[in-house]
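Convert by adding 1 to the 1-based position in the sequence shown; the result is the number in the numbering used here. Note that the Cβ used here is the ideal one computed from N, Cα and C, for glycine as well. In this text the structure is predicted, and so the values were computed from the model without any measurement.
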Amino acid sequence: MPFLGRKASFSGRVRKFGRINTRYRRGVATVCLRNVVLYHSDGGSADIGHVWAPTGAIVAAFNPRIGDWISFNAWVHEYHKAGGFDYGICRLSNLDLMSAGKGPSFADHLSKLSLSTESDMSWLEVSCYA
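This is the structure:
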């Protein structure tokens, strides 16, 4: 895959929020994006379908809502899963709202996780992980 280990441009619709446990941290907040499009530097594009991504302070400050159509940059990485490997994205940046949704916000999701202060959100800085 030519984008592996590189930053690329994407767009997608926020589908839902979740959390995962990684090797190093428990309860990492995540976002699921659907109808994801990867934009090539030559002007082409590729439909990805959907992808889960760990979030960070940039996503928390942007505070997307379910249903939002957003554009962003992210790093493409490979990860191992049962039966092989897959590709994922991480370190989302340069988020831009293309179309607003009406669902619950990322802040609503964080409040359910009892993360209400900025100091509580320090763990949100997540890099790519295996």
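Classification of residue i by the beta-carbon crowding that lies within 10 angstroms, buried from 16 upward
| i | result |
| --- | --- |
| glycine 13 | buried |
| leucine 98 | exposed |
| proline 3 | exposed |
| leucine 5 | exposed |
8 Å Cβ cutoff met for residue i and residue j
| i | j | result |
| --- | --- | --- |
| lysine 17 | isoleucine 67 | yes |
| tryptophan 70 | serine 100 | yes |
| alanine 58 | phenylalanine 11 | no |
| isoleucine 49 | valine 32 | no |
| valine 15 | glycine 84 | no |
Rounded C-alpha distance that separates residue i from residue j
| i | j | result |
| --- | --- | --- |
| proline 105 | alanine 62 | 15 Å |
| glycine 28 | phenylalanine 107 | 15 Å |
| aspartate 109 | lysine 82 | 30 Å |
| alanine 9 | asparagine 22 | 25 Å |
| alanine 54 | histidine 41 | 20 Å |
| glycine 44 | leucine 111 | 36 Å |
Spatial neighbours of residue i in its chain, beta-carbon cut-off 6 Å, leaving aside the 5 residues before and after
| i | result |
| --- | --- |
| alanine 30 | Arg20 and Thr56 |
| glycine 1 | This structure does not reach residue 1, given that the chain is present from 2 up to 131, and the question cannot be answered. |
| valine 52 | Leu34, Val37 and Ile90 |
Proximal residues to residue i (C-beta, below 7 Å), its chain only, five neighbours per side dropped
| i | result |
| --- | --- |
| phenylalanine 86 | Glu79 and Tyr80 |
| asparagine 95 | Phe73 and Asn74 |
| asparagine 64 | Ser106, Phe107 and Ala108 |
Whole-number beta carbon distance between residue j and residue i, since they are thought to touch under 8 Å
| i | j | result |
| --- | --- | --- |
| leucine 93 | valine 60 | 6 Å |
Residue i beta carbon near the ligand NAP (any heavy atom closer than 7 Å)
| i | result |
| --- | --- |
| phenylalanine 73 | Among the ligands in the structure shown, none appear at all, so the ligand NAP cannot be discussed. |
Same chain only: Cβ atoms within 8 Å of residue i, ignoring 5 sequence neighbours per side
| i | result |
| --- | --- |
| arginine 7 | Trp76 and Val77 |
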